[in-house]
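Just add 15 to wherever you are in the sequence shown, counting from 1, and you've got my numbering.
Heads up, the beta-carbon is just placed ideally off N, CA and C, and yes, glycines get one too.
If you're wondering where the values come from, they're calculated on a predicted model, not measured in any experiment.
Below is one structure, written out as structure tokens; the observations come after it.
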Amino acid sequence: MAREKHHHFNIRLLRTGRTATTAFGPSFVPGELRALEERPWAGIEGASLYIGQIYNKPPNWTDFLRPQSPDLPADLFASGAGAVLFVPSGENVFAICFGHAHIALNDDAFVRQFGLKVTLNSVPRGQLRSLDTATPDAVTVQKRVQTSKDSDLQVFGVDMYRDLARVAAGTPRDKDFAQFVAGKDALKIICKNGPTEVQQLCDRILIMYNKDVYKKDFAWVDRMQIVIEKDLISQLDIKLFDAIGELRNGNHADLHMSPPEIVDYTEGNQIHYNGFGSKGANFQSLSIEDYVSELERCNFGGEVIDLKDKHYINAKKDNEEKFNEKWRVYDCFIYEASLGAEENLKHYILFAGTWYLVEADFKKEVDDAFDAIEKVTIIGATTCRNEQLLIADLVANRPTLLKLDQEKINPKGVRYGNLEPCDFFSQNRDFIHLKDGHSSGSISHLWSQGVVSAEAFVSDHDFKVKLRRKVKGISDAMATGFAFEDLLPRATQKPVRGDYKVVYGIMRKPYKDGTLGIPFFSKVSLQAAVQRIEEFGIPVAIELIQKPAFDAAV
16 MAREKHHHFN IRLLRTGRTA TTAFGPSFVP GELRALEERP WAGIEGASLY
66 IGQIYNKPPN WTDFLRPQSP DLPADLFASG AGAVLFVPSG ENVFAICFGH
116 AHIALNDDAF VRQFGLKVTL NSVPRGQLRS LDTATPDAVT VQKRVQTSKD
166 SDLQVFGVDM YRDLARVAAG TPRDKDFAQF VAGKDALKII CKNGPTEVQQ
216 LCDRILIMYN KDVYKKDFAW VDRMQIVIEK DLISQLDIKL FDAIGELRNG
266 NHADLHMSPP EIVDYTEGNQ IHYNGFGSKG ANFQSLSIED YVSELERCNF
316 GGEVIDLKDK HYINAKKDNE EKFNEKWRVY DCFIYEASLG AEENLKHYIL
366 FAGTWYLVEA DFKKEVDDAF DAIEKVTIIG ATTCRNEQLL IADLVANRPT
416 LLKLDQEKIN PKGVRYGNLE PCDFFSQNRD FIHLKDGHSS GSISHLWSQG
466 VVSAEAFVSD HDFKVKLRRK VKGISDAMAT GFAFEDLLPR ATQKPVRGDY
516 KVVYGIMRKP YKDGTLGIPF FSKVSLQAAV QRIEEFGIPV AIELIQKPAF
566 DAAV
């Protein structure tokens, strides 16, 4: 008996009001030079097929070969064909993509997280095969965990407090629905439906999309609710555009960039910022500084709608023929904004081209946890513009603090661990870790430094001995007049953990109202660090160090 054939589909759901003719990118819109050819699709009223050549060009490597072998064949092409089948289902329209068709589509025409929701509704927590998560921050961490067989959610190491679900894959509970599904914005599905059954397939997918079964096992994904109201998105986009304006004027804004999906950097990447006359200048990684400098170089004078619709990032690996990766610049922004006042104040996050409303209870939980951390004033407000200048100033003027910045200690059994105990050790037994919170680095990296140092201090005998020896050597060399080493346990002693404190000192410019704070996701990531350090029996405190609101001339 012949084995029943399974088909692989890549399916997207059009937004309400969008049609096949408005689903393509500018170059592929019907009537344009690169538009795909429209064909009929028999058996489904209202269905239409668009098919054609998405790109067709000679391979780049022929330029290397031709000088020494000028008679190369003229018909060598690196080409990509594609097709899109639009299928109505009730009042909705699905787009089934084949080949390289995704390059021709306008991502904004389709429902965000459609594929993810269908996957989480159809796959139970014990039958996951792959899960992508992201932890947004100044340095966004994106992670993919894949298992060799269907596994429980617990295996994937999800931090339900910090992580956003991005892509999921697994085996549906109902094999009649599909054999396998994976989803982000698009849904990849393996099922038995043939060419005459695609409308039935779309109908089943729509029913699955409209369920809320996912809330039983994946309720944590709702801590961030997608904003769909157009007027609200417009208000938030204005705040984003204002932040870009601040950067263009040389001021500060908590705005960062990250690829909207996991990217393979192992073979190198080339990146172009396109859509505003930049002429394809080459960059190697995403950077808000590079993007802003390109806006300035090209004298961009448009509005936020121009940025959203026309500004793109094209990327490719060095060994690829074509810039196959294409992201909207807007999809690469990470930005936090608030709207409203007092009890009506709401907090929003822009990530991967989507505005998220932070669930009120989650926001309160995070803020309450941050507020509960002890706040101290050891360093105080500073006129220093960055961390390096602050460290130099403290060395020159604060004899009660011993500089350990750039002093490395190898933990037990490690030759090149180069662990930095802290930036300063105080006469009150504070391990002070400093960070310029307005630099391009992640504040979250500071949290992990404190955890690693504290763990080594309480559990690694060699580290403890080497730390005391190093502190004595620095103290003696600087003739501080104070025996800092006496504040640390001797080789035969265990540290009295409650006598010490981990202090995180973050340099921040004041907000417009004069207050100091840190980004929401930095508060989120702080919680795990505080919990871990307190498990060691060491208290934790925070000092927000006010730095100048505007950088003085160098």
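Take residue i as the anchor and find which of the options has the nearest alpha-carbon.
{"i": "I328", "options": "R312, E351 and S302", "result": "S302"}
{"i": "I118", "options": "D90, S42, P85 and F129", "result": "S42"}
{"i": "E212", "options": "Q169, R54 and F24", "result": "F24"}
{"i": "V182", "options": "D174, L202, D165 and K190", "result": "L202"}
{"i": "L236", "options": "A411, M175 and A471", "result": "A small fix is needed here, since residue 236 is Val in this sequence, not Leu. Among A411, M175 and A471, the Cα nearest to that of V236 belongs to M175."}
{"i": "Q442", "options": "N107, S463, L143 and F497", "result": "F497"}
{"i": "T530", "options": "K516, R547 and A564", "result": "A564"}
{"i": "D191", "options": "K207, A180 and S474", "result": "K207"}
{"i": "A124", "options": "S137, A197, M239 and F109", "result": "F109"}
{"i": "G95", "options": "H271, L404 and P74", "result": "P74"}
{"i": "R219", "options": "G465, I26 and S459", "result": "I26"}
{"i": "L405", "options": "Y363, D386, V391 and L449", "result": "L449"}
{"i": "A93", "options": "P103, L100 and W76", "result": "W76"}
{"i": "A469", "options": "T495, M522, P554 and L409", "result": "P554"}
{"i": "K378", "options": "I364, I388 and E389", "result": "I364"}
{"i": "F101", "options": "A184, A180, A50 and Q214", "result": "Q214"}
{"i": "F348", "options": "R49, P274, V466 and D257", "result": "P274"}
{"i": "K516", "options": "A492, D445 and E558", "result": "D445"}
{"i": "N425", "options": "K479, D246, K331 and E357", "result": "K479"}
{"i": "A367", "options": "K72, A384, Q299 and D200", "result": "D200"}
{"i": "S540", "options": "G97, N401 and R177", "result": "R177"}
{"i": "H287", "options": "S308, L270 and D269", "result": "S308"}
{"i": "R54", "options": "Y65, V133 and D232", "result": "Y65"}
{"i": "A384", "options": "A411, K158, F536 and Y345", "result": "F536"}
Which residue comes first and which comes last in the beta strand (DSSP E) that contains residue i?
{"i": "F11", "result": "Residue 11 is absent from the structure shown; the chain starts at 16 and stops at 569."}
{"i": "F497", "result": "Neither: F497 is in no beta strand (DSSP E) and is coded neither H nor E."}
{"i": "F446", "result": "D445 to D451"}
{"i": "K203", "result": "L202 to C206"}
{"i": "R159", "result": "V156 to S166"}
Pick helix, strand or coil for residue i, following the three-state DSSP scheme.
{"i": "A471", "result": "helix"}
{"i": "Q194", "result": "coil"}
{"i": "A149", "result": "strand"}
{"i": "H460", "result": "helix"}
{"i": "M522", "result": "strand"}
{"i": "E212", "result": "helix"}
{"i": "I489", "result": "helix"}
{"i": "L531", "result": "coil"}
{"i": "F551", "result": "coil"}
{"i": "F125", "result": "strand"}
{"i": "T186", "result": "coil"}
{"i": "K199", "result": "coil"}
{"i": "L120", "result": "strand"}
{"i": "A556", "result": "strand"}
{"i": "V466", "result": "helix"}
{"i": "K509", "result": "coil"}
{"i": "V517", "result": "strand"}
{"i": "L91", "result": "coil"}
{"i": "L143", "result": "strand"}
Return the first residue and the last residue of the alpha helix (DSSP H) that residue i is part of.
{"i": "L262", "result": "K245 to R263"}
{"i": "K132", "result": "F129 to S137"}
{"i": "A387", "result": "A375 to A387"}
{"i": "T77", "result": "T77 to L80"}
{"i": "K226", "result": "First-last for K226: undefined, no H or E at that position."}
So what does residue i bridge to, in DSSP terms?
{"i": "G97", "result": "G67 and G114"}
{"i": "H362", "result": "S353"}
{"i": "D232", "result": "Paired residue(s): none; D232 is not in a bridge."}
{"i": "P41", "result": "Per DSSP, none; premise fails for P41."}
{"i": "V102", "result": "F109"}
{"i": "P55", "result": "S63"}
{"i": "S441", "result": "L416"}
{"i": "N329", "result": "H287 and K341"}
{"i": "H271", "result": "I349"}
{"i": "Q240", "result": "L372"}
{"i": "A180", "result": "T148"}
{"i": "P480", "result": "Contrary to the premise, residue 480 reads as Val rather than Pro in this sequence. Beta-bridge pairing links V480 to no other residue."}
{"i": "Q561", "result": "R523"}
Regarding residue i and the ligand NAP, is the C-beta to nearest heavy atom distance less than 7 Å?
{"i": "I320", "result": "Here there are no bound small molecules, and the ligand NAP is not part of this structure."}
query: What runs of the alpha helix (DSSP H), each 4 residues or longer, lie entirely inside the stretch 389-439?
result: 402-412
Secondary structure, beta strand (DSSP E): runs of 3+ residues fully inside the stretch 291-321: none
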